[in-house]
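Here UniProt numbering is used: the first residue of the sequence shown is 1, the next is one more, and so on. Glycine residues also receive a C-beta, built at the ideal position from the N, C-alpha and C atoms. I have placed the structure first, in the form of structure tokens, so that the comments after it can refer back to it.
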Amino acid sequence: MTIALSKGRILDDTLPLLAEAGIVPTENPDKSRKLIIPTTQADVRLLIVRATDVPTYVEHGAADLGVAGKDVLMEYTGQGLYEPLDLQIAKCRLMTAGAIGAVEPKGRL
Numbered sequence: 001m002t003i004a005l006s007k008g009r010i011l012d013d014t015l016p017l018l019a020e021a022g023i024v025p026t027e028n029p030d031k032s033r034k035l036i037i038p039t040t041q042a043d044v045r046l047l048i049v050r051a052t053d054v055p056t057y058v059e060h061g062a063a064d065l066g067v068a069g070k071d072v073l074m075e076y077t078g079q080g081l082y083e084p085l086d087l088q089i090a091k092c093r094l095m096t097a098g099a100i101g102a103v104e105p106k107g108r109l
């Protein structure tokens, strides 16, 4: 089985979930230049791709399943994807900043 993952928060948050299922990469994905990382399970490998490519790899059969952000799934225009569950990982945050003492604008930004 091939699992498509993207580097970054999705990968960082997914690895502990996979480890609970006994699937641990045999190499550090953050330090390896390989795109295909073997795991402790002989029949499972990780495919490290760009976030926006995860659905494409799954749709065309290059990966059996993938973990992607909700934003990626909503923007993907392909067909035949199924979202079995929300893993509740890599939550998005909106941060704002301003100069000290600046007057807040009235109304909506």
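Beta-carbon separation (whole angstroms), residue i vs residue j, contact threshold 8 Å
| i | j | result |
| --- | --- | --- |
| residue 69 | residue 10 | 6 Å |
| residue 6 | residue 54 | 6 Å |
Beta-carbon proximity check, residue i vs residue j, cutoff 7 Å
| i | j | result |
| --- | --- | --- |
| residue 14 | residue 25 | no |
| residue 81 | residue 63 | no |
| residue 29 | residue 37 | yes |
| residue 49 | residue 57 | yes |
Chain C contact for residue i (CB, 7 Å cutoff)
| i | result |
| --- | --- |
| residue 41 | Absent from the structure: chain C. Only one protein chain is present. |
Reduced DSSP category for residue i - H, G, I as helix; E, B as strand; rest coil
| i | result |
| --- | --- |
| residue 25 | strand |
| residue 10 | helix |
| residue 55 | helix |
| residue 35 | coil |
| residue 17 | helix |
| residue 72 | helix |
| residue 81 | coil |
| residue 62 | coil |
| residue 103 | coil |
Beta-carbon contacts of residue i that lie in its chain and below 8 Å, excluding the five residues immediately before and after
| i | result |
| --- | --- |
| residue 33 | none |
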